[in-house]
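Novice: This is the structure I have questions about; it appears just below.
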Amino acid sequence: MAYYRRLGEVPGKRHTQLRDPEGALYREELMGEEGFSSDSSLLYHRGVPSALVATEVWELPDQTRTPNHPLAPRHLRLHALETGPDAVTGRRLVLGNNDVRIAYVVTGTDASPLYRNAIGDECVFVEAGSGVVETVFGAVAYRAGDYVVVPRATTHRWLPAEPSRLYAIEANSHVAPPKRYLSRYGQLLEHAPYCERDLHGPAEPLLAEGRDVEVLVKHRTSAGVVGTRMVYDTHPFDVVGWDGCLYPYTFNIDDYMPITGKVHQPPPVHQVFEGHNFVVCNFLPRKVDYHPLAIPVPYYHSNVDSDEVMFYVAGDYEARKGSGIGLGSVSLHPGGHAHGPQPAAIEASLGAEAFEESAVMVDTFAPLELGEAALPVEDPDYPFSWAGRRL
């Protein structure tokens, strides 16, 4: 996130000496994006952050993907999925392509292992639950409705205070606010639906200690997404201070200000984040279109350049009434197929002044494939719900 923060001890000038009370030198680590030509932060470690003592294969959960063929819209009931026990090793792949993967997990209260995603940023939506994510930058608390944004290669772990439902959007790129909401220097502009006050990062360093500390690392090879178990001489959370513009943060959907209009507004007005070849939007409780002849539910539309994934979080989603979709559902509407409201929902919406619904949408600009978790929870009747019959 491109605004400056400073926590703990840092020297007056970059790349100069910082010593502990006994005179030992802290080790400086520059963590930066895009070959150190974009956002970065400087972290000051008690130990040596590269002091590796062991490395071995970590067998990831099943990453198998099946093409959406024959082409069809899909309805997946995630609340019927068995997952767990923790927020990292319990994730199951729902949908994915070479730009982004969507996974789902229901945790208990067990802490996850220390984890680092070296492929891309993670944007994890908290459907339910609360707890803390401890990171090398410090801890961030999470609650229902939060997006937890963790930059690529940030060592962290999840500590749920209660069972949590997590919808993990794992990018192969960075995740950031839409460019049209940012000034040329990175400030969120007046027409943006949220601002920097709504973003919550760590408040203080963690200063953990330990030896022979295990970190699970997700990374890429020519064979695709793989995992490695790395053991470090000292604890990664030994940072006494840091400063910069790169760090984890949370943003809650209650702080998003929906943009509305006289007639139905297109999906980009609901956008909250973007990554390479995908965007994240949220549809929230809001006043709806106020033209006297407005049709509040969406018009039928063809995503000629993208696949659309909708995760239904709360409320009563007007356009999907009669489709079988409910809370915890995911719909996939692929490019090459026109989709929109159930026919009866159009007339039923006329005269509505507000919608009470919450959903998280991911639009991808490359086709999505079905993960192993999608197949056992698919509703086979959904593709035919608009017609009310099948051949």
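Okay, so the sequence shown: first residue is 1 according to full-length UniProt numbering, each after it adds one. For each residue, glycine too, the CB sits at the ideal point set by N, CA and C. Predicted, not measured: the structure shown is a model, and the values here were computed from it.
Between Y167 and P21, what straight-line distance do the alpha-carbon atoms span, to the nearest angstrom?
Specialist: Locating residue 167 in the sequence shown gives position 167, counting from the first residue. Locating residue 21 in the sequence shown gives position 21, counting from the first residue. Straight-line Cα distance between these residues: approximately 44 Å.
Novice: Whole angstroms is fine: what's the gap from V100's alpha carbon to P341's?
Specialist: Residue 100 sits at position 100 when you count from the first residue of the sequence shown. Residue 341 sits at position 341 when you count from the first residue of the sequence shown. V100 and P341: Cα-Cα distance of roughly 26 Å.
Novice: Whole angstroms are fine: how far does the CA of V225 sit from the CA of F125?
Specialist: Within the sequence shown, numbered from 1, the residue matching residue 125 stands at position 125. Within the sequence shown, numbered from 1, the residue matching residue 225 stands at position 225. Straight-line Cα distance between these residues: approximately 22 Å.
Novice: Mind checking who G328 pairs with in its DSSP beta bridge?
Specialist: Taking the first residue of the sequence shown as position 1, residue 328 is located at position 328. Note: G328 sits in no beta bridge, so no partner.
Novice: Let me make sure I understand the geometry here. Which of A171, H75, S323, S41 has the alpha-carbon closest to that of R389?
Specialist: As a working mapping, residue 389 is identified with position 389 in the sequence shown. It is S323.
Novice: Report the residue ranges of all beta strand (DSSP E) runs contained in full by the stretch 236-263; include only those spanning at least 3 residues, in chain order.
Specialist: 239-244, 249-252
Novice: CB-CB under 8 Å to G227, same chain, minus the five flanking residues each way: which ones, in chain order?
Specialist: The residue you call residue 227 lines up with position 227 of the sequence shown. The answer, listed in chain order, is V57, W58, E59, L60, L216, V217, K218, H219.
Novice: Quick check on P160: does DSSP put it in helix, strand or coil?
Specialist: On the sequence shown, position 160 is the one that residue 160 refers to. DSSP places P160 in strand when its eight states are reduced to three.
Novice: Rounded C-beta distance between R5 and G201? I'm assuming under 8 Å.
Specialist: Translated into the one-based positions of the sequence shown, residue 5 becomes position 5. Translated into the one-based positions of the sequence shown, residue 201 becomes position 201. The pair is a contact, with the Cβ atoms about 6 Å apart (cut-off 8 Å).
Novice: Which residues in the same chain as A51 place their Cβ atom closer than 8 Å to its Cβ, once the five residues preceding and following it in sequence are excluded?
Specialist: Translated into positions along the sequence shown, residue 51 becomes position 51. Y232, D233, T234.
Novice: Please tell me whether, using a cut-off of 7 Å, the distance from the CB of E122 to the nearest non-hydrogen atom of the ligand GTP is below it.
Specialist: Summarising the ligand content, the structure contains no ligands, and the ligand GTP is consequently not present.
Novice: What is the rounded straight-line gap between the Cα of A171 and the Cα of G120?
Specialist: Position 171 of the sequence shown, counting from 1, holds the residue named residue 171. Position 120 of the sequence shown, counting from 1, holds the residue named residue 120. Approximately 5 Å between the Cα atoms of the pair.
Novice: Taking the straight line between their C-alpha atoms, what separation do you get for V211 and L43?
Specialist: Counting from one through the sequence shown, the residue named residue 211 turns up at place 211. Counting from one through the sequence shown, the residue named residue 43 turns up at place 43. Just to set this straight, residue 211 is Arg in the shown sequence, not Val. When rounded, the distance between both Cα atoms is 19 Å.
Novice: Answer yes if the stretch 103-120 comes into contact with the stretch 284-300, meaning at least three C-beta pairs across the two stretches below 8 Å, and no otherwise.
Specialist: no
Novice: Within 8 Å, do at least three Cβ pairs link the stretch 357-374 to the stretch 332-340?
Specialist: Touching, yes, given that three or more Cβ pairs across the two stretches are closer than 8 Å.
Novice: Pick out the complete beta strand (DSSP E) segments inside the stretch 76-122, 3 residues or longer, and give them in chain order.
Specialist: Counting only unbroken stretches of 3 or more residues, the beta strand (DSSP E) elements lying wholly within the stretch 76-122 are 92-96, 100-106, 115-117, in sequence order.
Novice: Going straight from the alpha carbon of R19 to that of S41, what length do you get?
Specialist: Translated into positions along the sequence shown, residue 19 becomes position 19. Translated into positions along the sequence shown, residue 41 becomes position 41. Cα to Cα, R19 sits roughly 19 Å from S41.
Novice: Mind checking which residues open and close the alpha helix (DSSP H) that includes E347?
Specialist: Taking the sequence shown and counting its residues from 1, the one referred to as residue 347 is at position 347. Note, E347: alpha helix (DSSP H), 343-349.
Novice: Based on DSSP bridge pairs, tell me the residues matched to H291.
Specialist: One-based indexing of the sequence shown puts residue 291 at position 291. When beta bridges are read from the DSSP output, H291 appears opposite no residue.
Novice: Cutting at 8 Å between CB atoms, please list the residues of its own chain near A338, excluding the five before and the five after it.
Specialist: Translated into positions along the sequence shown, residue 338 becomes position 338. Around A338: Y300, H301, S302.
Novice: Using 8 Å as the threshold, is the stretch 245-257 in touch with the stretch 132-152, meaning 3 or more CB pairs across them?
Specialist: yes
Novice: Any Cβ of chain D within less than 8 Å of the Cβ of L43?
Specialist: Protein chains in the displayed structure number just one, and chain D is not present.
Novice: Determine the burial state of P49: buried for a count of at least 16 other Cβ atoms within 10 Å of its Cβ, exposed for fewer.
Specialist: Stepping through the sequence shown from its first residue, residue 49 is reached at position 49. By the 10 Å Cβ count, P49 comes out buried.
Novice: Which residue comes first and which comes last in the beta strand (DSSP E) that contains S323?
Specialist: As a first step, residue 323 must be located in the sequence shown, where it is residue number 323. Taken as a continuous stretch (DSSP letters only), S323 belongs to no beta strand (DSSP E), as it is neither H nor E.
Novice: Put K179 into one of helix, strand or coil per three-state DSSP.
Specialist: Along the sequence shown, read from residue 1 onward, the residue named residue 179 stands at position 179. K179 falls in the helix class under three-state DSSP.
Novice: Could you spell out the range, first to last residue, of the beta strand (DSSP E) harbouring K218?
Specialist: Translated into the one-based positions of the sequence shown, residue 218 becomes position 218. 211-221 is the extent of the beta strand (DSSP E) around K218.
Novice: Under 8 Å, do S349 and V313 count as touching if we go by C-beta distance?
Specialist: Here residue 349 corresponds to residue number 349 of the sequence shown, with the count starting at 1. Here residue 313 corresponds to residue number 313 of the sequence shown, with the count starting at 1. Not a contact, by the Cβ cut-off of 8 Å.
Novice: Keeping to the same chain, check which residues put their C-beta closer than 6 Å to that of T260; ignore five residues upstream and five downstream.
Specialist: Position 260 of the sequence shown holds residue 260. R286, K287, listed in sequence order.
Novice: Residues in the same chain with beta-carbon distance under 8 Å from T89, minus the five sequence neighbours each way, listed in chain order, please.
Specialist: If you number the sequence shown from 1, residue 89 lands on position 89. Excluding positions up to five away in sequence, the list reads P61, S112, P113, L216.
Novice: Please report the straight-line C-alpha distance between L284 and Q271, rounded to a whole angstrom.
Specialist: What you label residue 284 is simply residue 284 of the sequence shown in a count that begins at 1. What you label residue 271 is simply residue 271 of the sequence shown in a count that begins at 1. So the alpha carbons of these two residues sit roughly 11 Å apart.
Novice: DSSP state of D233, grouped into three classes?
Specialist: The residue labelled residue 233 in the question sits at position 233 within the sequence shown. When DSSP states are grouped into helix, strand and coil, D233 belongs to the strand group.
Novice: Taking the beta carbon of L78 as the centre, do at least 16 other beta carbons fall within 10 Å, making it buried, or is it exposed?
Specialist: Numbered from 1 along the sequence shown, position 78 holds the residue referred to as residue 78. Buried, because 16 or more other Cβ atoms sit within 10 Å of the Cβ of L78.
Novice: According to DSSP, simplified to helix, strand and coil, what is V150?
Specialist: Here residue 150 corresponds to residue number 150 of the sequence shown, with the count starting at 1. Reduced to three states, the DSSP call for V150 is strand.
Novice: Between which two residues does the beta strand (DSSP E) holding G371 run?
Specialist: Residue 371 sits at position 371 when you count from the first residue of the sequence shown. Run containing G371: 369-371, per the beta strand (DSSP E) assignment.
Novice: In the structure shown, what three-state DSSP assignment does R197 receive?
Specialist: As a working mapping, residue 197 is identified with position 197 in the sequence shown. R197 falls in the helix class under three-state DSSP.
Novice: What residues in its chain sit with their C-beta under 8 Å from that of H156, if we drop five residues either side in the sequence?
Specialist: Taking the sequence shown and counting its residues from 1, one reaches residue 156 at position 156. If you ignore the 5 residues before and after H156, its C-beta comes within less than 8 Å of the C-beta of L114, Y115, R116, V133, E134, T135, V136, V150, P248, all in its own chain and listed in chain order.
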